[in-house]
Structures are given as structure tokens and as C-alpha cells.
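Structure, as C-alpha cells:
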Amino acid sequence: MTIYAKLGYTLLGLFIVLNWGFLMGATFRKIGARLAGRYGIPFYQPWLNLLKNISIRTTITHGIMYYIGPVFRLTGGVGLFLFMPMVFTGSPNGLWTNFSFEGDLILILYFQVFGMLGMALGAGQGGHPYSAMGIARGLAQHAAVELPLTLAFLSIAIQFDTFSVYKIVEAQQGGFENWILFTNPFAAATIILAMLGAMGHSPFNLVKAPNEILIGPATEFEGTYLGFMQSAGSILHVMEAVLFMNLVFGGANSWIELIVKTFLIYFWSVFVGMVFPRFKIEQSVTWFFKVPLLLGFLAIIIYSL
Amino acid sequence: MKELINKLSKDFNITDAVYQRPSLTFVTVPKGVAISLVTDLRDYEGYSHFVMMSCVDWIEEGKFQLLYLLHNPETKTDIGVKTFIDRENAEMASAHHLWKQVWTYQRELKEAFGIDFPGSPRVDEDFVVEGWVEMPHMRRDFDTKEYSENTYFPRPGRETNDPATYMRKKLYPNEPITAKKQDNDK
Amino acid sequence: MSEKDMNDKVNEMLQRSETNVKKAEKTFIHPEDEEREVVAPDGSIIKINPIYDYFSNEKPTEEKPCSGVIEKFLNWARAESIWVLGFGTGCGSIEIPPLVTPRFDMFRFGVQMRPTPRQSNAFIISGYLSVKTLKRVIRTYEQMPSPKYILALGSCTINGGMYYDSYSTINRLDKYIPVDVYIAGCMPRPEALLAGFMKLKELIKEGKGEKANEYARNFDEYKANQKKIIKDWNMPDYNW
Amino acid sequence: MEIIALITGFSLILIGLYGILSKRNIIKIIVGFSLFDTGLHVLIVTVGYIKGGTAPILDSVVGTTDVASKIVDPVPQALVLTAIVIGLGVTALMLAYALKMYQAKKSLDISDFKDMKW
Amino acid sequence: MNLISPIYIVAVSLGIAFFMGLLGNKAQRSSYLILLAALLFNTFVSLQWVFGLGSGLVEAMQVYTAGFKPPFSINLLMGLNESVITALINIVGVLGAIYMMSSLKKNGTGSQVVFLILFMSLNVIVLSRDLFNIFVFLEVGSIALAGLIILQKGTNAISAGFKYMLATGIISGILLIGIIFIYRFTGSLNIDSIITANPILKQGAFVSAFLIIIAIVLELKSFPANGWGLDVYEASHPGIGAILSAASATATYFVLYKIVDIAGSQLNYYISIIGVISFVGSNLLALKQENSKRLLGYSSIGQIGLLMIILGFKDILGENTTYVAFGILVSHYLAKAGLFWLSGIVKQKNIKGWAVIRKKPYFLFLMGTFIFALIGFPPFPSFFAKWTLVMDLVNTGNISWVVAILFGSMMEAVYMIRWFGYAIKGENEDIKDFKIDIYKIIPVGIFAVALYVVGYFVAPHTEVGTAINFIPLYFVAAIFILDFLPVIIKNTLAIVGMILYFYNIYPDLDNMRLIFEAIFMVGGILTLIAGYAYKGKRPGFYPVALLMYAGLTAIIEAQTTLQFFFGWEVMTAGSYFLIIRGKRSMPHGLSYMLFSIGGAYALLTGLGMAHVGHASFSMEILNGISYLPYLAYGLLIVGFLSKTAALGLHIWLPGAHGEAESDVSPMVSAILLKAGVFGIVLTLIGMGASNNQYSELAYALGWLGAITALAGNLMAVFQEDAKRLLAYSSIGQLGYIVLGLAMMTHLGWLGGFSYVINHFLYKAVLFLTIGAVVMRVGTHNMYQMGGLIKRMPLAFIAVMIGIIALSGVPPLSGFAGKWLFYNAILEKGWYFQGAIMFFSGGIAFMYLWRLIHTVFLGQLKDNHRNVKEISIWFLIPIYTLLAGIMVYSMKPQWVLQPLGNMIAKWFPEGQLQWVGETAISQYGQWAGSLVAITIMGSFIIVLVLLMLSTRKAHKVKQFDITYSGERPERPETTHVAYNVFEGLYKAMWPATIPLVEAWWNKITEILHNIADVTRRIYSSNGQVYVAHIVLFIIVSYLVIIGG
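Residue numbers (numbering that gives the first Met the number 0), protein chains in the order written: chain A, 0 to 304; chain B, 0 to 185; chain C, 0 to 239; chain D, 0 to 117; chain E, 0 to 1042.
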């Protein structure tokens, strides 16, 4: 496969992921509406919103970092996509493996922060107090989520003696009984719980906390900036789901499987979000230090003995 | 209540006392005595709760009437201390040192009636209306309708009926409208 | 009273109001907005003018729409994605929450609430507007990105309504900011508000939702009217 | 005889020490010190004394044989002279100090001179 | 060759004294000159003997009085020891006479006579070999001293003199009893014949020998029967204090040295015990002392105690005894006399009042010299003496003695450094200048210079001291002399010097040392470039900065453990002076110094234990220590950890780094901390590297590193002070490094070394930038800054790259360390340590964001509207370092491959495989530069897209934000900066309680309370003092009999 073909497949994959992210976001809203007995938004609403946002006529800029913020965010999303093997095809250089180089788990783990950090910087230049508050909360929660999540990742890495996502997926092939969900239930449980924090839906949506601190880091962003951030958000949502799918739910052998699995994973956090109200920051942090952390320890202890 | 008023009369120049209800009494004192009476009531008679403070514009007499309403949580009785002050360059001794909430009342009175309370904290700041430069808007000689018409671009074509006149016309179409009543209703 | 008399009276009133404004050219500066001096780390003195220094004091410009089909397409998107600022300015704001309930459900029309003016393009002025609130409304309106739309809810925004004679509430909203849709009534029900949205969508699709440009075109006039009644003007002429 | 002298010497030393430790008056302390000194001198002499010995002068009486057993050891006697002289000097200087101290505070009580603590 | 007989010292002194007595008070000027001439003559006599005997031209001389040989006469001996000691005494005599010129002249001829007699008698004490003669001249000496005291004004001096008379009188009495009875039992008064007679066989003779020795010990003012001595030190003229401490104590100590053998060696052990009690006790009690002269008194007693220990151990020390005793004695002699004289010049009773000395920087230098000589820093003789002492004691298994001695030294360091701190950085601002009499400076100056000279000449006398490289120190001295020049010249000189030196030595170093040397020297040069930003002379900065670098390079170059320790102490002293230059850094400088000294003592003991069983002091002896290896390695590690600020030993760091000057912070943080890492690397290599014999130690070290990382990062999150934030961050980063090294695997070390280089790069960038920003905005508090990106975009970019590198987010270089660590942890199986480490990495994001947000983003403060971009001289090093970061990020294999090859020497297993640009470990692969290219590519594409679509964007200003319909009133109220992580604090506050600080505070408090309670025995009552003496004798006797 030439590099151009690879590039082409990668771009195609990115396009699919972006649109699937939008659709998933719309579905989430739709489910929320139906839960409340409403009709809800049309499924194509996110594309309209994007279109409207990039067609805004007046834009402002607070300075160079104000630009860089959304760029960081989108690069973070795109990069995460590039470093993640999407569909398992039986070869580390298969069709849909992007530029993952076998998908290093540590790289993915740390690259998640790239967009967050850039967003924090961009929002900071706006000088809005609520941006700073949202980021402060986000970072605190991120640190809290990180601890159980790291333990679970380590546990999986110990289990298969590798940090390669590709190899982890490979090891889960051949029936659902090989999924980490069943072979390493503690790590899986930790990830499933900690995932809620990583996804950032209610009750862990205190970063944006709509109507409490306006909309958090994005308060000052409008028009095209917002459009970029929406796109990045969609990609990131899918990619988080893909990561957890690869790690716990056996990866995907085709796009269909990927879409079904990511939808279910995403739906899990949506479902929790529909039921529980927002946590305060200290509640959120301490929550992650209780059950998920304990499960994470168990997951490690089992494999380190 | 009466005993209390009698007792107070010995020390304070109480010009008038109205026994509204068993639990509510209004006394009127000269301007200079009011604050010391309020202080006395607070410190010795148990009227430790400051309910409110208000003002009435007695434009015909050229006076403002100030009212300090106090409450005694022990006996569940209220006492209102009234005093008259001049309307021109209205000024009254501040009672901010007795209760902190008096600050706010005095700020309100300063804005609405133009009564000055020298020494009261933050008394010059805006209370409700921002950037008000006209005559204090609660004075009776301030014509709010005229001000509104002069300032806020009334929309042409609007028909406005004075509710009192309109209803009288409707209900008692035969009765002539007297000049005096019209005056009052203006 | 005949119509002629009425008109005379109104003209007289308007005249009076103008002379009155000229007479009362008094301005009001809050203590925190007065000029002040700070000492820089190197010991030099810096003069601060809180009203002008912190803001970009530029006037808005007219933003030309795109041409032909593209603009139509974009207008369709705009009409189908109306983001409303969650800012209740008066008693009518109680009519907005029902719109998100199952009974009215504005989401199905592509209408949704946004918490920040930067991300909204529709603004519901809900009911009477005191001068104090008007100041905030102007600021918020100007901070919204164009194209932006104003829905004026209730009679108070049209002619003052029952507060026509109040010293602190305005009578005609369109003297201060351009209004796209008036929704009459005291109060209009949520259905009326939804109808207003429908009307707004129609206007946008027809390419008539260009009031933001009108505001920029007649900027000086609007600003003069605003400054007439807001005596403690402590913001830039245009809030970016 | 030697025992008595030894006991006397040690007793004087102890009495002197007792005086130094128990008396408040500076003069009395100096007296105690003198006693202590005297006791020392008695000790020195005692150590060199030989029963029945004569003065350590080499003459015909003593003869030239068995000198060491016949005469008293001359060294302690020389030492005691020096020690007495030195003791005198110390005592004199102490008295001078006592004078100065009295001039400074009009007091001879040693517990009045406790200004430098810890 | 005929030399003047020492008897002439006595004869001439006595003759002149009588002659002066004849002169009376009429010819004061000439009589003073005669006195000086007499003292000079004495000095001359002693010195000619020193040179004569030292060069071996003449034999030691015995002087017999009255023509008889002992025991029938008194004899004087002039040997080498005697000549040196008398020379020392006579030099103090001359200089003391000069120092006390006005006092001596004012008090008339009488005082001059007494002065002369005093020194005559001290000479005789040293020379005489006759016990009774010694007694006589001890008495004469004390009478003379009391005579000098009585001539002074002031009740305190008089009463102190009386107590002195009383006490010495009793002590002489005891001595006399001993002398009489020893005469009785041996028939001789001559020391030599008594020793030959070996009187120990008889019980009575033993008692008399005991009485003699205990009397001399008491004369040396042993703790606790020394209240009378303290009072004299405190009350008398500083000149007399100097004589007492330098001359009188030296002479008396020499007497003890002479006579100690009359009891055979039976009493040696007890002398050591008395010595150690004196040393520890008086240094401990001095903790609460605030009177400067009394403090010096305590210190003198402590030093004499140390000397007594040495005397007691002379059998063990063997031929080193003289060397050790001489080193300590000379240091004490010079330093203490100098300090006493200085106290007379400064004329401040309270040690806090010594702040006035700041007005005269050169006096500050003198004081520093004396104090550092006292606590045994290089290059002073006491350093080498203490080194030899500890080495020999450890070698013979006397570890507990070493502990006691080092504890006492530690206490001494506490109060001495604190005192110095008050002088150099007191709180009182309005200080008056003080007047100086020119004749008083001369003796002080001579003694200070003498300290350096003696130190320089003493150093080669140890077997290994010859190898010490003094070239950097010459350079420091040269810069010190050139301190009057402006910054620009000195800076250039310093940089050129360092470049040349680095160029000179780098070919001789192995790879591992080269890395550290490069960090020290290149880092040093870069941070020195920032020094151009300062104007004026910046007095004192360059000597101390270069001193630190001299120490650092000495550590790297060290071939022997002595060289290593020498460099370590030089580096500590230099960095202490650097740190203490900050505005509010006094308490932090103190705690830095104390932890450093404590660590250095641990190191010293460890090095001593390494030496056991080896003849050489080569650095190789660290490999495979055989004597108590766990303890030895543990001590070494603790010593080094005190410099890397591991948890428990970290409390000095935040303040010291946070309050230091802008360009000093990177020096002490990015560079200095690596010295500790270097030490740990050496220790771990010594522990057998891949053999990993002492895996328990490494395991404990690993946990310590992990917890340090967590604690440091967590504390950093809650800081409001930008530099303190970075300082706490350094603690955390050093925790990573320690954890990585403790893993003792190839990958762990690779990660650790990668962090060493990385931390140097980004912490230097961050500290330099923040320091420069602080210089511009005039505050450390982050919440008082904000929005500075508009004023200093270049600084912002530097900080942004710095924090991205620090946080470990790809593609910058920090990720290399994280990746290696993950792999290493999986390989090693230290999952929980790893998890803690990565949790602290998550916490790091918080403080990093806070650093950049609250300083550079958000709202610009009113008073910072006109601040300029940070100085170009800061930007040059910052951007040089940034280039380093970028190269490392884009081509990590350029750094990691050589590192891996180097580490393979010790850890050949589990290496990283390199295929092109891809690193392959057992667990995964990472293509550093490809990842970087991928990320940068997509970044640029996205950026271009956004720039195109927002090209018409309107530039707005700081208050053009949506503020709920309001306008912000002030930047201060709009900038979210103070207590940002309140929510996290609510969740995690128990982890932020400063338990370690509380623990150290409690220990300090307990020690001070003990000191405060115990020192109440000195009730200032003469009778109590006499009782102390009597009790001391009784208790000593009972202990000795019982023991």
C-alpha cells in the first residue's frame, strides 16, 4: 500500500468518524428528548449548526492563542484518530490503521491531553473568568479520572505484556469470550466506570456546566472557532469510544461493528448522564477515588501476584 | 404599651402617641430626639429588631415624615417612631451605627427622596435606578408621566385612558366630572 | 379626542422631549469608572480611563451577505438553527421555559437556548424593559455575532404597555435596537412565541433578517437615542 | 603525727570548701578560700615530713650516709613556700575584687552578682 | 646552628615587666611600645624554633634550671609541638596587644605589665616539663588574667572576674593536691620521669593522677562545670575573650596533651567522654543563646571538647592525632580569635544586632570566613582534620562516636549559620553604620588570611589531599579580588573562564560524567549569560556563583572520596551564598544549609564506611562496600537525597528556590539538584548496578521517589507563588528521576537519565523565564500577574513550550521520559509506584496550566500595561535551551541511543532496539520523530484552515468579553487566579497537610526546649559554679571507679 493510498483511506476514515460523531451527538439529543417525552431535534441538526457557525459574519479574536486553542483541540482529535488503529484487519499496517504504528497505548493516553491543554490555553487568552473556572475543574477531574484509568490500562498491559493497542485487539479476537470484559473483569469494570469521567457527560460535565458557568472554556468562542471545536468534540467522542472498544470490547472487524460498539459505549455514558445530576468538583474527584480506584487496585493486584 | 409611652415621655419630648393596636404604637417626636429615642428603645426597652424605615412626602406642609419601625421579640410588640423633617435640604441624623441594615434603607431614601444622612456608609451609591440625574423620583412634585413622555419616545397612535376617569365615565355616564376631582386624578 | 389633536399632542410631546434632553445634558459617572492612576512596577505612573481603555472602541461595519444561492443556502441553515440567548429581561421571560417542555418543544424547529451571547443569534426581549436593563440588553446584543435577530415579546416593548408612564421603563424598543419580530400581547402565550419563531424563520429565509446591518447603518442614531436615556454610560460605543 | 597532720589538712580543706559553698558574704568566702589554701599547705608539708628527721641541711650531724632517711624531704618545703606566696597573691586579688564589687553595688552578698544568666 | 634559648622568653618578659613597673604611668606611649617589642621578641623566638625544628636543622632543646637535671630541677622543653604552640600564643599576644591598644594605654602601665606576664606564663606552661612549675604558672596566668579583667569598667566584668578567680583557685587547689601526692608516690615532679615510673600500679597514685588530669580538664572549662568561663567570655573585653579562647585554651590544652600519659592510657577514654559531653552539650545549649560573646564562649567550649575527644582517641588515631588536633586547634584558634575581635568591632550584644555588619561587606566576608572555618568547611584546616578524624574513627568501628561528633557539629552549624544569616539578611532595615578603629582591623584581617593560607598548606598533608584541584578556586579568588568591576566585565570573565575550563576537562571524562558536567557547565554558562541583564556591580555574586560551579566540577572530576567531599562542601557553601542573596531568603537559606550539612555528614560517614578495608580513597571504593553495606549505602543515599530534596528532606527547597534571585533559581534548581542525582547514580553503580544486591534499598528508594513525586506535584498545585510552584515541581520531577534510577533496569535508567536532561532543559527555561518576568512585574504572586502574553509574547512561547515538554504531552521531549517509564515499570513490575507517578503526572497538568494561565493569559493588570518584554539576556539562554528541547523532541534517537549505549555498560539486559527512527521495547514501539511530524503536520493544516476562515476577525481588547450583560470593573476581579483549585483542595486537603515540616519543626522545638531548660544550670552564682566543679570531680571519679 502506497503512502498515498494510506493517506486516502485515513482521510476517508476521518470523514466517517466526523460524521458518525455528529450523528451520535444528534442521537444523544434525540434520546434525551424522547426520554423527556419531546420530539427532539432533527437528526441532521448538528450539520446545520456547523454550517450556521462557520457562516457567521462577524468574528472576533482575542489574540493569537485564541486561534491556537481550537486548532490544538482539533489537532488533538485528528491526532488521536491518526494514532488509533480503527478496524482490525489482521495486519498492523492494515487498511484502517491510520498512522498508528501499532497504536501505542501510552501515546494515546498522553495525546488525549493535547487538545485539552491547547483548549485551556486558547480559552485563557479570552480572559473570561468562567473559561478559567471550567478548565480548573476539568484538569482536576482529569487527574482524578487518570488514576483508575491508568491502573486499568496497566493491568491490561500486564495481562498481554504489551502496550500496543493493535496487539491487545489481536489478543481479543475469536469470540466475545476473549474480550477483556470477560478475561480481565476488574480492569474492564474500572474502565467502564472511569470512562464516564473521560466522556464528560453528566454527572461529570462540570467542565462545561451549562448555565452554571455559562459553557465553560468555550464561553468566548463563536462562529468558526466554535465550529472547529464542535467537530473536534465529535471526533474525540468517537475516538474515546473507539479506545475503550479496542481495550475492553474486543475491537472491531468492520466499520459496522465499530459503529454498533461505539454507539453502545457512548450510549452507556449518555444513559448515566440522563439519570444523574451534575456533581460538584470535590464530589467528582472523591467519587473516582472510591470504587473505580479500588477496582483498579484489584485489577493490578490480580496480575502482579 | 401605655406605661412604656408614659415612661418614655419623662425623658423624651413625645408630641403625639397613637395606639393603633395593642401590639402597635406610633409615637411622634421632634427631629433631634428621634435617634436617641430609637437608641433607648433598642438598648433598654428590648426593641432590638429593626423592621424597616420609610418616608412620607407631606408636600403641603413642606415636610418629610420619617418612620422607624421597631419590633420587640420578647413582648411581640411594635413601635413606630415618627418624626418630621424639612423638605428643603432634607437631612437627618444617620442611624447606621445601630443596625447595619439601616445603611440600605438610608441609601434608598437618599435616592428616592433626596434625604441626606451624613455619615451613613455608601449612602451616595445607586440603589435601584442607575445614573439618575433628575429630581428624586419618589417626591410628589416629580411628574413621572410627564417625564416618561418627554424621555421615552411615546409611540404615536396609542390611546391612553386614565383608569379612574374612564371607569367613572363608563359607570356613571350622567354624572358631571368636577374640576376638583379631575385635579385629584391627574 | 380626534386623530388630529392626537397627532398634535404627540408632536408637541416629541418636541418637548428633545428640548428636555438638550437641557438635561448632565452625565453621571460612577466612582469606579472615574479615571485613576496606578503605579507600574518600575515606579512610573499609569493613567487608567476605565471607560475607554479596556475596550476596542470601534464602530460596527455592515457585513455584506453572500450572493445568490449560497446566501439562500446559508440562510436556510441559519433559519433552521436558531440559537437563543438565555436572558430573561422582564416578566415575559417566564413564557420561555415552557418552550422546552414536551408540550411546545421548540427543539424540533431547530431552536435552542445558549448560555452565552457569543454563541447565540436570537435574543428575546421579554416584556417591559427598564433603563437599567436596557443597558445590559444593548451590551449583550452588540456582543452577539451577526447575523442576529431580536424578538420583542409583549406590548411593553411596543409602546410601553401598562408601564407607559413609568419614569424608569422605555416605551419603544425599536428606538434603541432594531427589532425583527414583535409578538403582541400582555403576556403572549408560548404558542405566540413559537409563532414568532416561525415568522422569524420566514423572514430569514426570505433574506430579510438583516437587522444587524441596519443597526450598523443607523448606528449613530441608535447610539444617540440610547445615550439620551442612559446617563451613566460606562461602556464603549460598541461592545465587541 | 603524720595522720593528725593529714587529717588536719583535709579537714581544713573541707571546712574551707564548706565556707565557700555556704557563706553568702564575699569576705567570708575569701576566708573560706584561705582556709582551703592553708589546708593545702599543711598537706604539702605533711607529705614531705619524715618522722624524727632533721632539717634538710647537709652538715656533720646528718652525715653523708643515709641522708634520705634522716632529713625531711626539702622539695615539699620549697613547694609550700611557693604555694603560700601564690595563695597570698590570689587572696589579695580576691580582696581587691571584693572591694571593687562592693564599690559597684554597695553589697558583699554574692547572690547580688547574678546578672549574666544562661 | 644556635638559636635563642626559650628561657629568654621568660627572662626577657620578666625583666621588661620589672622595668615597666619602674617606669610607672609616666611613659605610657613608650611602655606600650616596649610591651609590643617584648611580645614580638617572644614571637620571634618561638618562630625561629618553629622553622629550625620544622626544617630539621636543629634538635629539640632541653633547658635545665640551676644546672641540675630533673628530677632535681625544673626543665623546659622546646620541641616542634612546643615551638608551634608558643608561636601561636605569642602571635595572639602581639595581635591582641595591637587590638587592645587603646584599652592597654588607657589602663596604664600596670595593665601592660599584667598582659606581658600573662603571655610569659602561658609560654612557660607550654614549655615546662615540671608539674609544680606548671601549677605555679597556671596560677600566675590566672592571676594576670584576673588582673586584666579587674582593670575594666562594669559590674559584670568584675563579678565575672571574681567567679573566675574563685573557680580557678579551687581548681588549682585540686591540681596541687594531685601534684603533692604524685610526688609522694613517684618522688618526682618531672612529667617524663612520672610517665616512666608508671604510677598506675598504685591505687593512690592513680587518684592523684586523676586529680591532676581532672583539674586540667576543668581548666579547659568542661561542660557543665564551666559557668565561670562563660561569664568571663561574656563580660570581659573582646580582646580578653580572644586571648582566653585562642591563647589560654590552647596552652591549657597543650598541658593536657603533655600530662595525659601520667595516668597511662587509662583515662583516655574518659577524657573522650568528657570531651564529647562538652562538645555536644555546649553546642546544644548554645542553640538558645542570643548574646554573641556568650555564644562564642559556648562554641569555644565545644571546640575544646572536640579537641579532648581527639586527645582521648590518640591511641586509635595514632600518628594522625597531631594532624587532626592541629587542624581543629588552628581553625578554632584563628576563627575564634577573629570572631571575638570582630565582636569588639561590631559592638552588638545581640546576634540579631549583627545586621549592622552588612554595611561593611568586607567584614561580612571576614565573619563568613571565620564561621565556615569553625564548622569545618573547605578549604579550611578543620575540614581536612574532621575528614581524617571521621575516616579513622569509622575505620576502627567507632560509629557511635562519629554520630555524636557529627551531631555536635550539626548543632554548632545551626547556631553559627543562623547567626551569619542574621548578619547577612536580618529583618531590621534601619541599621546604623558602625565605626572602625583601623588598628583593630589588622589582627582580624591577618587571621582571616591566615585561615586560607593554613588551609591551603594543610590540604596536601593528607595522603589524598594532594590531588585536590585548586585551579577553580584560584579563579574564584581572582574574581573575588576583581569584585569592584562592573557586572559586564565580571560576567564575561566568568563565562570565558567556564568555557575554557570545560573545554579543558571534557576529554578526560567518561560519558556519564560528561552528561552531568555538560549540565553543570553548559547550564552554568547559559544562566550566567542571563546575568548581563543586571546593572551595576552586583557585589558578591560572581565569587559565590563560581564557587558553586567550582564545587560542582570538583564532584565530577573527583578521583578520590576526599576530592568528592571537598567539592560537595564547596558547592554547598557556594549555593548557600547564592540562595541567601534573595530578598526574603534568610530562613530558607538556613534550612538549606542545615539540611545540606546534615546530608553532608551522612555522606561523610558513608564515605568513611566505604573506606573500611581499603587503603586508598579512590572513588572505586564505593563499589562493593563490605563494612555494614546497607547502612553505608543508606547513609550515602540519604546524603545525596538531601540535595535532591526527597520527601522528608525537602522542606528547604521551595523557599530557597522560590526566594532566590531570578537567574539564581535556575542555577540552584535545574543545575544544582543534579549534583544529588549524580551522587545517587554513583551510589547505585556502587551497589552493583544490575546485580542489584541491595534490592531492598532500591525498593525503598523507589517508593520514596514515587511518593516524593506525588507530594511535590500536589503541593505545587496549591501554590500562589510562581517560583515556589516551580520549586515544588522540581521536587516532584526529582522524585521521578529517583524512581527511575531506583528501578535498576536498563529502561528505568534510560528514563531517569532522559529526565535528568529534560528536567535541566525545561526547568531552566521555566525558571529563567518566570524569573525574568518577576523582574519585570515586581511580584512573585501569580494572581497579581495576568495577561502578560500581550506584553511579552516571547516569554509566553518559552513557557508554553516548557510546560508542554514538562507535562509529557507528545510530541515534545517530555513524552520520551513517560514512555520509557511506562515500559520500565511494566518490566520491573512496580505497578503501584508507576500508578502514583502517573497520577502525579496528571496533577502536573494542573499547576502547569495554572502557571501559564494566571501569568500570561487572562486579564492584563493595570500596572503592567507598559511592562516590556523580558530582557534579551534572558531570552538568549532561554531560546538556546528551547532549541535543545526542540531537537530532542524531533530527533529523540539522537539523545536516547547514546544514552542507551552508555547505560548498557551497567545494565546490558533489556535494551531498547532502534529500527531507523522507531524505538522498540519489549512492550511496544514508539517512533518519536514520525509522531512529531504527524502531529505538526495536522496542526499546521488545521491552523491554516482556521486562519483562512477567520481572516476578517476583529481584534478586541481585554474587557470585550461576555460578562452576563455587565462590564468587568477591574482586571483584578475578572482574572480567575487565586485559589483556583479550591474544589480539588476540598477533596484532597488531607494530602496537603505539611506533616514533614511539622515533624522537623517539632524536633527543632524539642532541641531548643532542651537547651533552654538545661542551660538554667548556669545561674550566674559563683557558689553554684564552685559546686559544679566539686560535683564534676566527684561524679567523674565515681564514673571512672565504677567504670
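All C-beta atoms, glycine included, are put in the ideal place defined by N, C-alpha and C.
Contacts of residue i in chain A (Cβ-Cβ under 7 angstroms)
i	result
C:PHE106	ALA32, ARG37, GLY39, ILE40
Chain A within 9 angstroms of residue i, Cβ atoms only
i	result
C:ARG113	yes
C:LEU172	no
Chain E contact residues for residue i, given Cβ-Cβ distances below 8 angstroms
i	result
C:ASN233	ARG966
Closer than 9 angstroms to chain D by CB, residue i
i	result
E:ASP230	yes
E:GLY140	no
E:ALA1026	yes
Interface partners of residue i on chain E, CB under 7 angstroms
i	result
A:MET132	VAL975
Any C-beta of chain E under 9 angstroms from that of residue i
i	result
C:ARG117	yes
D:VAL30	no
A:THR218	yes
Distance CB(residue i)-CB(residue j) smaller than 9 angstroms
i	j	result
A:LEU153	E:LEU746	no
A:GLU281	E:ILE960	no
E:LEU859	E:ARG790	yes
E:PHE639	E:LEU603	no
B:MET52	B:ALA94	yes
E:PHE837	E:SER221	no
A:LEU106	E:TRP925	yes
E:PHE369	E:ALA246	no
Alpha-carbon to alpha-carbon, residue j and residue i
i	j	result
E:LEU527	C:CYS65	59 angstroms
E:ILE8	D:LEU92	26 angstroms
E:GLY337	E:ALA726	38 angstroms
E:PHE752	E:ALA834	20 angstroms
9 angstroms Cβ cutoff, residue i in contact with chain C
i	result
B:TRP102	no
E:LYS722	no
A:GLN158	no
Partners in chain C for residue i, counting only beta-carbon separations shorter than 7 angstroms
i	result
E:THR961	THR115, PRO116, ARG117, GLN142
Contact list for residue i against chain A, beta-carbon separation under 8 angstroms
i	result
C:SER80	GLN44, LEU47, ASN48, LEU50, LYS51
* Mind listing which residues of the region 775–798 of chain E have their C-beta closer than 9 angstroms to chain C's C-betas, in chain order? -> ARG775, VAL776, GLY777, THR778
* Asked: Which residues, in chain order, does the region 73–98 of chain D contribute to contact with chain E at a C-beta distance below 8 angstroms?
  -> VAL74, PRO75, LEU78, THR81, ALA82, ILE85, GLY88, VAL89, LEU92, MET93, ALA95, TYR96, ALA97
* Asked: Between the region 853–868 of chain E and chain C, which residues of the former have CB atoms less than 8 angstroms from a CB of the latter, in chain order?
  -> ASP861, ASN862, HIS863, ARG864, ASN865, VAL866
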